[in-house]
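**Q** So in my numbering, spot 120 of the sequence shown is number 1444, and the numbers just go up one at a time.
First the structure, which I've put down as structure tokens, then a few questions once you've had a look.
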Amino acid sequence: MPLRELFFRHHRVGSDFPQLLSLSGIRRSEGIAGEKPLVLDREFSYLELMQALVKEEVNFVIRLKVGAHFFDQEGKQVALSVKKGETRILNKVFYMGKVFVNVIGQWQAGLKEPMWIMTNLPAEQDLSFYEQRMKIEETFKDLKSLLGMDKLMCQKRYWMEQMVCLAFIAFALGLVLGETLRSQIFPETSRKRKLYSGLFVLLKLKLTVDFLESRQICKSASQTFQTIIMPIRTPV
1325 MPLRELFFRH HRVGSDFPQL LSLSGIRRSE GIAGEKPLVL DREFSYLELM
1375 QALVKEEVNF VIRLKVGAHF FDQEGKQVAL SVKKGETRIL NKVFYMGKVF
1425 VNVIGQWQAG LKEPMWIMTN LPAEQDLSFY EQRMKIEETF KDLKSLLGMD
1475 KLMCQKRYWM EQMVCLAFIA FALGLVLGET LRSQIFPETS RKRKLYSGLF
1525 VLLKLKLTVD FLESRQICKS ASQTFQTIIM PIRTPV
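Written out as structure tokens, the structure reads:
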């Protein structure tokens, strides 16, 4: 991502490093423009950054940290509370009494606490965008914990690029096969259908599948892999 003209710099109390963010670069990059939002985790939910994003007209989706305060249009504080299994939406509230946002909270079954997210987009879109971000983090976790990508060591850059490409190909193949296996084995209401990644389902759950069903799963996964992954050119 190119860095241009305007940098947002904020030195938080108790922090040894500044937060740096090129808002002009974000606005001008092809990846984040128009209606596409900037999706950030809870460590970025602080007032100065929010005000800068609004000033630069950047759409955002940010997970809330503990202790965030919201106020309605009459200046009364709004409590962030939601019951297990429920979703709550707060439209047109002020973050820290300063920034106008929409908020959505959801407490999914099996989780220890609810997840609260704020945005300047409609709240219903908010949760969907953040869940997509969580899938990306799940991918990084699987690459490191299940495929050992963080332990790759090569003397030359070209060799490293080849090893990384091989790891991604293995990941893509395992993910497609695992996701296909999940959809065939677990019903829609199963907790395991949502709890584990496709790669984890394939490598760790030790599922038993009969021969004919396994052939159908492999055939379906192969078709998906050839359609989505095979057209991508790599150095290997």
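Beta carbons are placed, not taken as given, at the ideal position from N, Cα and C, and that holds for glycine.
Predicted, not measured: the structure shown is a model, and the values here were computed from it.
#1: Assign LYS1543 to one of three DSSP states: helix, strand, or coil.
#2: Assign ARG1557 to one of three DSSP states: helix, strand, or coil.
#3: Here's the rule I'm using: 16 or more other beta-carbon atoms within 10 Å means buried, otherwise exposed. How should MET1458 be labelled?
#4: Which same chain residues end up closer than 6 Å to ASP1450 when comparing Cβ atoms and leaving out the 5 residues on each side of it in sequence?
#5: What span of residues does the beta strand (DSSP E) with TRP1440 cover, start to end?
#6: Between the alpha carbons of ILE1413 and GLU1461, how many angstroms are there, rounded?
#7: Using alpha carbons as the reference points, say which of SER1405, PRO1555, ARG1366, GLY1522 lies closest to GLN1430.
#8: For the beta strand (DSSP E) holding ALA1385, just list the boundary residues, first then last.
#9: For PHE1492, which option in GLN1479, ASP1474, ILE1509 has the closest C-alpha, if you only look at C-alpha atoms?
#10: Could you pull out every unbroken alpha helix (DSSP H) segment of at least 4 residues lying fully inside the segment 1419-1472, listed in chain order?
#11: On the DSSP bridge list, what partners appear for ARG1412?
#12: With burial defined as no fewer than 16 other Cβ atoms inside 10 Å of the residue's Cβ, what is the status of PHE1424: buried or exposed?
#13: In terms of alpha-carbon separation, which member of ALA1433, MET1439, PRO1438, GLU1398 lies closest to GLY1421?
#14: What residue ranges within the segment 1476-1542 form continuous alpha helix (DSSP H) runs of no fewer than 4 residues, ordered along the chain?
#15: So what's GLN1550 in DSSP terms, helix, strand or just coil?
#16: Shortest alpha-carbon distance to PRO1446 belongs to which of ASN1415, LEU1471, THR1463?
#17: For TYR1419 and ALA1392, which I take to be in contact (beta-carbon distance under 8 Å), what is that distance rounded to the nearest angstrom?
#18: When you compare only the Cα positions, how much space is there between LEU1501 and LEU1523?
#19: In terms of alpha-carbon separation, which member of LYS1360, ARG1387, LYS1379 lies closest to TYR1370?
**A** So, from the listed chains and residues:
#1: Translated into the one-based positions of the sequence shown, residue 1543 becomes position 219. Of the three classes helix, strand and coil, the one that applies to LYS1543 here is helix, per DSSP.
#2: The residue labelled residue 1557 in the question sits at position 233 within the sequence shown. The three-state reading of DSSP puts ARG1557 in coil, since its state is none of H, G, I, E or B.
#3: Here residue 1458 corresponds to residue number 134 of the sequence shown, with the count starting at 1. With fewer than 16 other Cβ atoms within 10 Å, it is exposed.
#4: Residue 1450 sits at position 126 when you count from the first residue of the sequence shown. For ASP1450, same chain residues with a beta-carbon under 6 Å away, outside a window of 5 residues either side, are VAL1385, ILE1428, ILE1441, THR1443 in chain order.
#5: Here residue 1440 refers to the residue found at position 116 when the sequence shown is read from its first residue. Note, TRP1440: beta strand (DSSP E), 1439-1443.
#6: Counting from 1 along the sequence shown, the entry for residue 1413 is found at position 89. Counting from 1 along the sequence shown, the entry for residue 1461 is found at position 137. Cα-Cα distance, rounded: 25 Å.
#7: Here residue 1430 is taken as the residue at index 106 of the sequence shown, counted from 1. Looking only at SER1405, PRO1555, ARG1366, GLY1522, the smallest Cα-Cα distance to GLN1430 is reached by SER1405.
#8: Sequence index remark: in the sequence shown, residue 1385 carries index 61 (1-based). Looking at the sequence provided, one finds Val at residue 1385 rather than Ala. Counting along the chain, the beta strand (DSSP E) containing VAL1385 begins and ends at 1384-1387.
#9: For the purposes of this step, residue 1492 is taken as residue 168 along the sequence shown, with counting starting at 1. Among GLN1479, ASP1474, ILE1509, the Cα nearest to that of PHE1492 belongs to ASP1474.
#10: Runs of the alpha helix (DSSP H) spanning 4 or more residues and lying entirely within the segment 1419-1472 occur at 1447-1469, in chain order.
#11: Working through the sequence shown from its first residue, we reach residue 1412 at position 88. Here ARG1412 is bridged, per DSSP, to GLY1429.
#12: Start at 1 with the first residue of the sequence shown, and residue 1424 comes out as number 100. Burial is judged here by how many other beta carbons sit within 10 angstroms of a residue's own beta carbon; PHE1424 has fewer than 16 and is exposed.
#13: On the sequence shown, residue 1421 is found 97 positions in, with the first residue counted as 1. Restricting attention to ALA1433, MET1439, PRO1438, GLU1398, the CA atom closest to the CA of GLY1421 is found in GLU1398.
#14: Taking only runs of at least 4 residues, the alpha helix (DSSP H) segments lying wholly in the segment 1476-1542 are 1481-1509, 1515-1519, 1522-1528.
#15: Position 226 of the sequence shown, counted from the start, is the residue given in the question as residue 1550. Looking at GLN1550 - three-state DSSP - the assignment turns out to be helix.
#16: Working through the sequence shown from its first residue, we reach residue 1446 at position 122. That would be ASN1415, whose Cα lies nearest to the Cα of PRO1446.
#17: Against the sequence shown, residue 1419 aligns to sequence position 95. Against the sequence shown, residue 1392 aligns to sequence position 68. Right, their Cβ atoms sit about 7 Å apart.
#18: Position 177 of the sequence shown, counted from the first residue, corresponds to residue 1501. Position 199 of the sequence shown, counted from the first residue, corresponds to residue 1523. Roughly 8 Å between the two C-alpha positions.
#19: For the purposes of this step, residue 1370 is taken as the residue at position 46 of the sequence shown. The option with the nearest alpha carbon to TYR1370 is ARG1387.
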